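For reference, each letter of the sequence shown is one residue, going 148 to 446 in this note's numbering.
Report on the following structure.
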Amino acid sequence: MSAGEGKVRRSSAAPPAAAAEELDPGRERRPLESYFQEIGGTRTLRREEEVILAKELEAATAQLRSALYVIPICAKHVVQRWDALRALSHTGAKLSESAGDEETGEIAARVERAVKRLRSQLAEREKLQKRGGKAALEKVDTRIAKEMSNAQLSLAVLSELRETVVQLDRDVRKARRGSKKLQALEAEAGVSKERMIELTDGVLDAHERMTRVKNEFIEHNLKLVVAIAKDYRNLGLSFPDLIQEGNLGLIRAVEKFDHRRGFKFSTYAVWWIRQALVRAIQNHSRTIRLPSHVHDRLQ
C-alpha cells in the first residue's frame, strides 16, 4: 500500500458489533458516560480511509464465501433452505442479496435456477463419491462452488452456513477413527475428517478477518449513531435503547456500503441508522400507545 493511501490505524477497542447488545438499559455493562468517553476518542475516517476499509471488507467477505462454497454440506444446506422457504411460499429474496436493481421476482428466479443446478450437481456428486475418483469429484465441486456464487447468498445465509460447518467440524473432531459415527459424519460432510478440518480452518480464518475489518469500520462511526439518536429522544424509547437500535442500523450500513458509488460512508449510514430508529419506535408504539405528535415526528 502506498503512503498516499493513508493506512487506517488499527484500534484496540472492544469489538463494537457487540456494542448494541452491551447497551441494554436493564443491565448495562458500563455506564453510558463511560461509553461516550470511549467512543469520543475515535476519530472520523477520511474518504480515502473509508475506501481502504470497504475494499478490505469486500475482500474478506469474498474469502469467506470461497471458503464456504467448496464444502459440500453448504450446498446441501442451501437446497434445504430453498425447499423450506418454497413450502412456506416465501421468495428467494430470503436467501440472496439483490444484484443492482433486481426486483424480488428476479431474485427468486435467479436463486431457483441456481438451486436447480445445485440439486443436480449434488446428486451427481453423491454417485461419484460412491464410485470413487478424486478428479471427477473435484470437477463437480468446482461447478457446485460456481452455482453457490451465482446464487449471491445473503450475509445472513453465510452466517448460517458458517454455523453449520463449525458444528459439523466439532462433531467430526470428536468422532473416533473407524467408528460408524465418523463414517456417517463424513458422508454428511461429503469429505474426509482431515479435509473437513482443513476446510473449516479456512472458514474460521476468513470469518475472523471479516469480523475484524467490519468491527473497525463500525468503531469509527459509533459517534454518528449517538448524534442521530439524540433527535429521537422522548419518542417512547430510552436513550440507551435508541443507541442500541441505531448501532444495528450502522452495522447494516457497513454490510451494504458500496464504495464505488463515490459518496462518503456517513452520508449512506445516516439513512440506515434513521430507518432503524424509526422502525424501533414504531414497533414500540404498537405495544404502548403514543401521542399523535410523536407519530407526526416519525413521518
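Glycine included, C-beta positions come from ideal geometry on N, C-alpha and C.
Predicted model only: the values in this text are computed from it and were never measured.
Beta-carbon proximity check, residue i vs residue j, cutoff 9 Å
i: Q422; j: G383; result: no
i: L269; j: I291; result: yes
i: V262; j: R272; result: no
i: A336; j: K328; result: no
i: I218; j: L424; result: no
i: K340; j: V319; result: yes
i: V304; j: R399; result: no
Rounded separation between residue i and residue j - CA only
i: Q210; j: N381; result: 44 Å
i: E168; j: D405; result: Unreliable placement is indicated for E168, whose pLDDT of 44 sits below 50; the coordinate value is still reported in the next sentence. Roughly 26 Å between the two C-alpha positions.
i: N362; j: E402; result: 11 Å
i: M357; j: R194; result: 20 Å
i: R407; j: E203; result: 13 Å
i: I254; j: E244; result: 8 Å
i: K281; j: E366; result: 46 Å
i: R233; j: F183; result: 46 Å
i: E310; j: D230; result: 19 Å
i: L192; j: K377; result: 22 Å
i: F410; j: S306; result: 28 Å
i: Q330; j: S181; result: 53 Å
i: Q429; j: Y379; result: 12 Å
i: S324; j: I344; result: Strictly speaking, residue 324 in this sequence is Arg, with Ser absent from that position. In a straight line, the C-alpha of R324 is about 14 Å away from that of I344.
i: K277; j: A201; result: 44 Å
i: S375; j: V198; result: In the sequence as displayed, the identity of residue 375 is Ile instead of Ser. I375 and V198: Cα-Cα distance of roughly 23 Å.
i: E355; j: A283; result: 32 Å
i: A416; j: G252; result: 27 Å
i: K274; j: F412; result: 49 Å
i: L179; j: R212; result: 37 Å
i: L360; j: T289; result: A small correction: the amino acid at residue 360 is Val; Leu does not occupy that position in the sequence shown. V360 and T289: Cα-Cα distance of roughly 28 Å.
i: S326; j: S236; result: 41 Å
i: T414; j: E285; result: 45 Å
i: G279; j: A206; result: 35 Å
Neighbourhood of residue i by C-beta, 7 Å cutoff - its chain only, sequence neighbours within 5 removed
i: V372; result: I390, G393, N394, L397, I420
i: R342; result: none
i: P172; result: Any reading at P172 needs caution, since the residue's pLDDT is 49, under 50, leaving its predicted position unreliable; the model's value is listed next. Excluding residues within five positions, the ones whose Cβ falls inside 7 Å are S385, P387, D388.
i: H431; result: G383, L384
i: S158; result: Residue placement at S158 cannot be trusted, given a pLDDT of 46 that sits under 50; what the coordinates show is reported in the next sentence. Taken in chain order, the residues that qualify are T189, E363, E366.
i: W418; result: none
i: A334; result: none
i: L308; result: L215, C221, H224
i: A161; result: Its pLDDT being 47, under 50, A161 is placed unreliably in this model, and the coordinates cannot settle the point.
i: S301; result: L242, S243, E244
Spatial neighbours of residue i in its chain, beta-carbon cut-off 6 Å, leaving aside the 5 residues before and after
i: A214; result: G349, V350, A353
i: T208; result: M357
i: L332; result: D318, V319, A322
i: V338; result: none
Own chain, CB closer than 8 Å to residue i, minus 5 neighbours either side, in chain order
i: V447; result: Since the first residue of the chain shown is 148 and the last is 446, residue 447 is not available in this structure.
i: A427; result: L384, D388, L389, E392
Chain D within 9 Å of residue i, Cβ atoms only
i: G337; result: This model lacks chain D altogether, as it is built from one protein chain only.
Which runs of the beta strand (DSSP E) fall wholly inside the region 263-314 and span at least 3 residues, in chain order?
none
With three or more C-beta pairs closer than 8 Å as the rule, is the region 291-300 touching the region 219-237?
yes
Within the region 192-258, note down every full alpha helix (DSSP H) run reaching 4 residues or more, in order along the chain.
194-216, 219-234
What residue ranges within the region 382-429 form continuous beta strand (DSSP E) runs of no fewer than 3 residues, ordered along the chain?
none
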